[in-house]
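S.K.:
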Amino acid sequence: MAMASRKSLWLAALALAFSAFAGAGRADESDRPRIERPQIERPLGVVELFTSQGCTSCPPADVLFAEFAAREDIVALAYHVDYWDYLGWQDTLSRKENTERQYDYMRAFGTRSVYTPQAVINGRVHVNGASRGEVDGALARMARSGEGMRVAIKVSRTSDRVMIDAGDAGSGPSDAHVVIVYFDPPQTIKIGEGENTGRKMTYWNAVTGIQTAGMWHGKAQRYELPMSEITKKGGCAVLLQSVGKDGLPGPILGAAFIHKP
0 MAMASRKSLW LAALALAFSA FAGAGRADES DRPRIERPQI ERPLGVVELF
50 TSQGCTSCPP ADVLFAEFAA REDIVALAYH VDYWDYLGWQ DTLSRKENTE
100 RQYDYMRAFG TRSVYTPQAV INGRVHVNGA SRGEVDGALA RMARSGEGMR
150 VAIKVSRTSD RVMIDAGDAG SGPSDAHVVI VYFDPPQTIK IGEGENTGRK
200 MTYWNAVTGI QTAGMWHGKA QRYELPMSEI TKKGGCAVLL QSVGKDGLPG
250 PILGAAFIHK P
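By numbering that gives the first Met the number 0, the letter at position 46 of the sequence shown is numbered 45, and the numbering carries on one by one without gaps.
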């Protein structure tokens with residue numbers, strides 16, 4: 000009986016030690032960087048739509064944009080501008096900063112005016128945002144010519160931070176800004192006045208803020224963001240965008256969505 004008791008106590012102690020070891024392993028696992036879902040490190044491209052609830056030509060572009068926003072292989076961002084508000088309806092999603100970004104593209108492209116719906120593809124060209132053929136054609140041409148997403152972007156996270164890993168440049172531009180773009184979740188809005196009076200539209204990925212998180216110089220590099228900044232936003236994307244000496248936006252070299260936990 001005494002031997003049996005000692006054996007039982009020894010087995011119990013062994014089981015407890017194993018349980019503690021296994022628990023420690025799980026705790027360590029929770030702190031390791033992890034990717035939450037299958038991720039495309041080099042998407043087909045980036046579509047930036049400049050649109051307005053007060054523009055009579057924009058609803059077809061907004062509907063087409065919803066299709067691009069639903070795709071994992073395209074980073075689609077909608078910038079609602081404010082210069083059509085005088086037509087009788089103030090765009091509920093418009094921001095002055097969105098209008099400023101469009102004017103920056105205008106100067107970068109050497110054009111004399113802005114318009115809606117305008118789709119900027121990969122930061123390189125602009126097309127009619129309501130034309131599926133023009134948007135698809137620009138994405139396809141750039142993918143073939145090497146003007147697509149050349150730099151891989153991988154996003155992972157721990158319990159308290161998000162890690163953005165930008166890959167090597169290879170050939171071509173080797174300096175870029177790491178740009179974080181925040182956007183709203185899809186929302187349906189009924190337009191009460193102006194040229195689109197009575198329309199009920201669902202708007203996707205409407206941009207609410209843009210910030211530069213760092214610089215990239217052509218070599219693989221990691222950037223970190225606090226998880227708290229991601230969880231309080233509706234959605235988030237990262238753009239690796241070259242910027243000219245004049246401060247104007249240039250080609251987008253890489254992009255990815257930053258998914259919430």
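By construction, the Cβ of each residue, glycine as well, lies at the ideal position given by its N, Cα and C atoms.
Hey, how far is the Cα of G246 from the Cα of S56?
M.R.: 31 angstroms
S.K.: Have a look at E133 and L92 and give me their C-alpha separation to the nearest angstrom.
M.R.: 26 angstroms
S.K.: For S51, count neighbouring C-beta atoms within 10 Å of its own C-beta (all shown protein chains included) and say buried if the count is 16 or more, exposed if not.
M.R.: buried
S.K.: Excluding the five sequence neighbours on either side, which residues of its own chain have a C-beta within less than 7 angstroms of the C-beta of E71, listed in chain order?
M.R.: I39
S.K.: Leaving out five residues before and five after G233 in sequence, what residues of the same chain have Cβ atoms less than 8 angstroms from its Cβ?
M.R.: Y181, F182, D183, P184 and T207
S.K.: Is the beta carbon of Q101 sitting closer than 7 angstroms to the one on V80?
M.R.: A contact, by the Cβ cut-off of 7 angstroms.
S.K.: Using beta-carbon positions only, say whether C235 and I257 come within less than 7 angstroms of one another.
M.R.: Going by C-beta atoms, C235 is nearer than 7 angstroms to I257.
S.K.: Closer than 6 angstroms to a non-hydrogen atom of the ligand NAD - does that hold for the CB of G53?
M.R.: This structure lacks the ligand NAD, and indeed carries no ligand of any kind.
S.K.: To the nearest angstrom, how far is it from the Cα of A205 to the Cα of R131?
M.R.: 20 angstroms
S.K.: Determine the extent of the alpha helix (DSSP H) in which Y104 is found, giving its start and end residues.
M.R.: K95 to F108
S.K.: Quick check: the Cα distance between I179 and I120, rounded to an integer number of angstroms?
M.R.: 17 angstroms
S.K.: Would you kindly check if the distance between the Cβ of I152 and the Cβ of A255 is under 7 angstroms?
M.R.: yes
S.K.: If you reduce the DSSP assignment to three classes, tell me which class N121 lands in.
M.R.: Of the three classes helix, strand and coil, the one that applies to N121 here is coil, per DSSP.
S.K.: How many angstroms separate the CA atom of D174 from the CA atom of A142?
M.R.: 21 angstroms
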